[in-house]
Every structure is written in structure tokens, then in C-alpha cells.
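Mind the numbering: the first sequence is residues 5 to 557 in the numbering used here, read in order. Yeah, the Cβ is synthetic: ideal placement off N, Cα and C, and Gly gets one too.
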Amino acid sequence: MSKSEPVKASNFIRNIIDEDVAAGKNGGQVVTRFPPEPNGYLHIGHAKSICLNFGTATRYNGRCNLRFDDTNPAKESEEYALAIKDDVTWLGFEWNELRHASDYFDELYEYACELIRQGKAYVDSSSAEEMREMRGTLTEPGIESPYRNRSIEQNLDLFSRMKAGEFNDGDHVLRAKIDMASGNINMRDPTLYRIRKVNHIRTGDKWSIYPMYDYTHCVSDAIENITHSLCTLEFEDHRPLYDWVLDNLKTPSHPQQIEFARLSLEYTMLSKRLLIKLVEENIVNGWDDPRMPTIIGMRRRGYTPEALREFCERIGITKNDAWIEMMVLEGCIRDQLNREAPRRMAVLDPIKVVITDLPADHEQRFTLANHPQDDTAGTREVPFTREIYIDRDDFAEVPPPKYQRLIPGGEVRLRSSYVIKCEEIIKDDAGKVVELRCTHDPDTLGKKPEGRKVKGVIHWVSATYGESAEIRLYNPLFNTPDPAKAESIEDAIDPESEIILSNCIVEPALKDAVAEQHFQFERIGYFVADRHDHSSDNLVFNRVVTLRDTWAK
RNA sequence: UGGGCCGUCGCCAAGCGGUUAAGGCACCGGGUUUUGAUCCCGGCAUUCGGAGGUUCGAAUCCUCCCGGCCCAGCCA
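#1: Leaving out five residues before and five after Q524 in sequence, what residues of the same chain have Cβ atoms less than 8 Å from its Cβ?
#2: Cα-Cα, which of N479, W555, I462 is closest to I394?
#3: Comparing alpha-carbon positions, which option in P39, P453, K406 lies nearest D74?
#4: Within its chain, find whatever has a CB closer than 6 Å to the CB of F58; leave out the 5 residues flanking it on each side and keep chain order.
#5: Identify the residues that DSSP records as bridge partners of V177: which are they?
#6: From the DSSP secondary-structure annotation, give me the bridge partner or partners of K431.
#7: Between which two residues does the alpha helix (DSSP H) containing G335 stretch?
#8: For the alpha helix (DSSP H) containing A116, list its first residue and its last residue.
#9: Just tell me which of E329, A185, M166 has its CA closest to the CA of R200.
#10: In the DSSP output, which residue or residues are listed as bridge partners for P387?
#11: Hey, I559 and L245: beta-carbon distance below 9 Å or not?
#12: Quick check on P564: buried or exposed, where buried means 16 or more other Cβ atoms within 10 Å of its Cβ?
#13: Return helix, strand or coil for I359, following the three-state DSSP convention.
#14: May I ask which residues mark the beginning and end of the alpha helix (DSSP H) holding T93?
#15: For K457, count the other beta carbons within 10 Å of its own beta carbon; 16 or more makes it buried, fewer makes it exposed. Which is it?
#16: Can you have a look at K459 and say buried or exposed, based on whether 16 or more other CB atoms are within 10 angstroms of its CB?
#17: Need the endpoints of the alpha helix (DSSP H) that I300 sits in, please.
#18: Contact defined as beta carbons within less than 8 Å: I believe V548 pairs with R305. What is the distance between those atoms, to the nearest angstrom?
#19: Could you tell me how far apart the beta carbons of D128 and R179 are, in whole angstroms, since I believe they sit closer than 8 Å?
#20: Please determine, among M331, T143, A467, the residue with the shortest C-alpha to C-alpha distance to A311.
#21: Tell me the DSSP secondary structure of S106 in three-state form.
#22: Under a three-way DSSP split, which group does H445 fall into?
#23: Answer yes or no: do I287 and A51 have a C-beta to C-beta separation smaller than 9 Å?
#24: Relative to the alpha-carbon of Y478, which residue among E228, Q33, T255, D293 has its alpha-carbon at the smallest distance?
#25: Just tell me which of C235, T195, E144 has its CA closest to the CA of R152.
#26: Report the rounded CA-to-CA distance for L102 versus L86, giving the unit in angstroms.
#27: For V518, I'd like the list of residues in its chain whose CB is within less than 6 Å of its CB, leaving aside the five on either flank, ordered along the chain.
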């Protein structure tokens, strides 16, 4: 330990919990929860919250529940709930208990009656528009509803009839009686319950009234004895209401809400509304499109749970409005795949190379290491023949300055093989290079050439043994760092965000690749066998990320 | 004179009255290298949004100012 170990940065939430634990608050227990609404797929921003909540519980030997915030049946579905469970599990976390806000609908109703009995809640029969008008503005106080002083008996009666389904959507709502002049708009008699005659994914048609988030969340937390309720900054203004509800009810506990900044990632959009739009308007190919910032999309792209967790570790937890650069995310997956991914050779845009001083039936098999720094990764056989393919990028008839690949009359090292020299260029009628005729130096296998330096090294694949493959290249979906601010989503989409190459040639060992297996295609980048489309008969690889490139390709 | 919150290196982020202001990403050198990758070594804030003040001593406490974010759903 001569070197300073990378110290994991502390954060303000940890500091708060450290103090609470030291003070013996909550009996020294730490209980958190991850509370998604099942109305869409989870994205990288949720991963931040998942890592925080589950990670915090683990750190303090506590527990973390997965709780579906299913209070708005019109927008929620079982498909989403299932996907969310899969995503959390795939990320590597286990919830202590699986709960639903709807598990507490009966208790929530009883607590609401209690608020009415205390004179702290009332049924308002104003329309939504009237309520909006009476709410006031950011700078002007609101005015009290004419229904605000109904008797407790009348409120109880009306509320029970709302529950019984006697009224239609919008006829009445239950409101907390707090302060219409509060500077905090959330405290201007917020709605607690609304009538919604729709089928709920779990309670079916049992209820015709559904509780609002602010009322449901704090009570659910309290029922589950959550100690630290971690949520994003936009709920800071809601905390007084969170505390108001719990201060006025005899709940099992009174959790502490702590807010942190949500994730903002450059060239990405993390608004559920806009992600749904991308899917519904077929701007992308579904929720798991490899360009999507959804967990399932990133999984298909080739990101790993480890890399996503590392990312959440690297970005930290604060209350700052921070924008994270893409490079941070890319660095996480590169680090892991550099350590773990076996190396292979793949040619994306093939040019045939004929090594003319080799007999037509020449055949050699090289045994190559799967990893240059890790012997335990084993080896594989790579055939070498008279005709091979190299990448079009690795040949230049008129090379740019400092180019160190193949040029007319020049030499280059074939990776793990011989040094070859380009003797002749063959073009088609359109002037496109279709073949290179080269000679090789037989005395350069495993050794440097005599009397000269050959700096460039390029990858290659045997023309006779290479397998054809489809390789999909991905770039950021958007052409601007903050697409949410773009004129329109359509304009912000980068048409080059997905490039499908269907004529690639890869080394034969790749025939054994299985879905979701990662590789480094040497000199190109990290790739993953597509989890849905790849098979041994139809090789399909997605580019996770390029190799770091200090040159400028 | 609406309420709430935030400002430490290009991007993140530790720091909590006494440290040479951590660390990561990025960047810039130099070395190794049959991946222009990896790896290694070195560099990278006399300064903490600004100005005052308190103090022997301030990024850390106080005051004012400047800049940015959130809130007017019967969404979460």
C-alpha cells in the first residue's frame, strides 16, 4: 500500500447518516427504498438512485425495499413493472421486500378519514380550473375554496361516497387544509385524493378514488419504517408537506426525506415523457435500442452492471446541478472491458490483400493470446492465408501527415504476423480500390525486420477462413449536449447515430461467440454479441465504445 | 420583500476554523509496447462565484452582491 488507494469520495447523505447512526437515531438502523412508478422503463438516471438507495442500505447493513409507486392507474402497466424488476436485478441488487403503494390503499384511506376528523382535510367540489384560479400565483397568495369549511360529518360522508363510486371523475377531491397564502405552493391545500374510475394494475376496480403522490409517499415510507427517504431535488419543496402529513398522523415512524441532484448526461435525454416519444414515434427501435439511455438499452449496447455501478460511484452524490460528460461513462466500460474482454480481429470495411509471394494454398495457423496482459485468458487459433482482408481505413493512397499504416510502396506489420509491403493497387472502373497486391518479409514473424523500422501495425482476417458478420456502430443519439433544449427532438437526432455494416469479415474464432459476450476488436473498440439478433449462423456485434484514440481518425 | 435550493481546476467531486486545497475523468509531456490501445512516470486551482467583515488563522463563520436551478397537475 505504498500508493495512495483511490479513496471513495464521501457525500453529504453519508455524512448525515453517519451522524444519525452515531447518535443512535432509529435504533442505528438504516432502511431505504427505491420507489419507481411503473409507467416507463428505467434509465441511467434511475440507476443513480438505485445505486444510492441499495448501496446505502448495504453500506450500513440495512435494508432497501423496491416499492412501486402505483397511484396513477391510468399511466401504469404490468409490462413496466416486470421490466423494472428485471433491470434492478440485472444491475446486481436485491430488494429486501417488494411492496406497492397500492398495498396501503386501505390504510391510506383510514388515515385520510383521520385527517378529516381532525378538521385537517376537506372535500372540495370545485372544478380543476376553479382550483387553479384560486391557487394564486408564484407571487400572489391563493384564496380559500368556498367548500373549505364543510362540516366534518359532511366531509366524511362525501369522502365515503367518493370511495363508493357515487361520483364521476373530477366531481370532488379531498384536500388538506393547510394555508392558501403559503409561499410554498405545495402547501396551498394540496389535493390528497381524486376520483379515477379506471382499472388499477393490482387492485382492479376495487377503488374509484386514488391517493396523490405527496400523501401516499410519506405514509408508505412511514409504514415501511424507512429511515432515510432519498429523492431528487425537485421534491425539496414537497418536504414541508411530507412532514405535515406525518406530523398530523399517528404513523409507525417519521422518515427523513433527503434530496439529491438528478443525473444530467451530455448528449442524452432522461425525461420519461421524451423517451416514450422516441419509442412511440419509432425514432428509435424500441426501449432497448442500443442508443437509448434506458438500462435495457444500455445492456443491449453492451454496457455491464459493473460499469454502470462504477459510473454511479464516479459521478458522486451532491445537490449541484451537474452535467456529466459522456467520457465518464465511456471510461467506466473501457476500464472493465480492457481488463476482461478477449481480443479478436475484425475487418469492418474490407479490402482484399493478396500476398503474391505466397503459394495459393499457403496456410499457417497462429496461436494467439486472448489478452496481451492476462495469460489466464488463454489462446485461440488464427489462420493465415495468401489472401486476407484489411480495413479500408488502414490503407491510404495519399496518406495524411504522420499516417503509419499501409501506403503504396510502404511496409506495415500485420498484427501477430508478417510485415508486408504494398506493391500494387487495383481499382475498379469507378476508381475505388478493390485489391492490394503485396509481398511479405518471411523473416519478420515474431521478430523485427532487419535494418529498418516498421512502425504501423494493422489488423487482418484470412479471406478463406474469415466469417462474415454484421457490425453495428453506435454514436450518441443526439447531436447536441442538451437535446431537451433543442427546437425539436427530430432536429436533434443524429442520423449517423446508428450505422449498420453488413459486409464485415471477422476471424473464425468469433463463430463461437455467444449472445452478450464481449470482445475487443483490436485497434477498433469494444463490441458485444447482440443479445437478440446474434447466433452462430448470423454473427451480429454492437459497438459498445471505441478504443481511446489519441490519433484523430 | 413569493417560496425552496445550488455555486471548489475544462467536466465531476472531497473538504465542515489550522491540510502543500484529496481523488476521478479530460488534457499536456516522457517511457514501454507487433493494438496510434493498455501500462508506467511526470505536469495540471498561491486558490475555493464576487466584495466586505469576524478571527492569530477562513473554501470552511457572518453580511451584502452576482450567477444558475426548481415550484402555480385532480402527474410522480
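Looking at the atomic coordinates:
#1: Taking the first residue of the first sequence as position 1, residue 524 is located at position 520. Hits under 8 Å: L341, N342, A345, P346, R347, R348, Y530, F531, L551.
#2: For the purposes of this step, residue 394 is identified with residue 390 of the first sequence, where counting begins at 1. The candidate whose alpha carbon is nearest that of I394 is I462.
#3: The residue you call residue 74 lines up with position 70 of the first sequence. Residue P39 is the option with its Cα nearest to D74.
#4: Along the first sequence, one-based indexing puts residue 58 at 54. Hits under 6 Å: C68, F97.
#5: Residue numbering aside, residue 177 sits at position 173 when the first sequence is read from its first letter. Its beta-bridge partners are D128, R198.
#6: Start at 1 with the first residue of the first sequence, and residue 431 comes out as number 427. V437.
#7: Start at 1 with the first residue of the first sequence, and residue 335 comes out as number 331. Start and end: 330-344.
#8: On the first sequence, position 112 is the one that residue 116 refers to. Its alpha helix (DSSP H) spans residues 109-121.
#9: Start at 1 with the first residue of the first sequence, and residue 200 comes out as number 196. Looking at the Cα atoms, M166 is the closest of the given residues.
#10: In the first sequence, residue 387 corresponds to position 383, counting from 1. Answer by DSSP bridge pairing, in chain order: R369.
#11: A question about residue 559 goes unanswered here, because the residues of the chain that appear run from 5 up to 557.
#12: Because the chain is modelled from 5 through 557, residue 564 falls outside the range shown and cannot be assessed.
#13: Indexing the first sequence from 1 puts residue 359 at position 355. Of the three classes helix, strand and coil, the one that applies to I359 here is strand, per DSSP.
#14: One-based indexing of the first sequence puts residue 93 at position 89. Residues 82-94.
#15: For the purposes of this step, residue 457 is taken as residue 453 along the first sequence, with counting starting at 1. Residue burial is scored here from C-beta neighbours: K457 has fewer than 16 other C-beta atoms within 10 angstroms and is therefore classed as exposed.
#16: Locating residue 459 in the first sequence gives position 455, where the first residue counts as 1. Its Cβ having fewer than 16 others within 10 Å, K459 is exposed.
#17: By 1-based counting over the first sequence, the position of residue 300 is 296. First-last of the alpha helix (DSSP H) with I300: 299-305.
#18: Looking up residue 548 in the first sequence gives position 544. Looking up residue 305 in the first sequence gives position 301. Confirmed, Cβ separation roughly 6 Å.
#19: Numbered from 1 along the first sequence, position 124 holds the residue referred to as residue 128. Numbered from 1 along the first sequence, position 175 holds the residue referred to as residue 179. Confirmed, about 5 Å.
#20: As a position in the first sequence, residue 311 is number 307, starting the count at 1. It is M331.
#21: Residue 106 sits at position 102 when you count from the first residue of the first sequence. If DSSP states are grouped into helix, strand and coil, S106 belongs with the helices.
#22: Taking the first sequence and counting its residues from 1, one reaches residue 445 at position 441. Residue identity check: residue 445 is Asp in the sequence provided, not His. Looking at D445 - three-state DSSP - the assignment turns out to be strand.
#23: As a first step, residue 287 is located in the first sequence; it is residue number 283 there, counting from the start. As a first step, residue 51 is located in the first sequence; it is residue number 47 there, counting from the start. In this structure, A51 does not lie closer than 9 Å to I287 by Cβ.
#24: To locate residue 478, count along the first sequence from 1; it is residue 474. A check of alpha carbon separations from Y478 across E228, Q33, T255, D293 identifies D293 as the nearest.
#25: What you label residue 152 is simply residue 148 of the first sequence in a count that begins at 1. The shortest C-alpha separation from R152 is found at T195.
#26: Taking the first residue of the first sequence as 1, we reach residue 102 at position 98. Taking the first residue of the first sequence as 1, we reach residue 86 at position 82. Straight-line Cα distance between these residues: approximately 12 Å.
#27: Taking the first residue of the first sequence as 1, we reach residue 518 at position 514. None.
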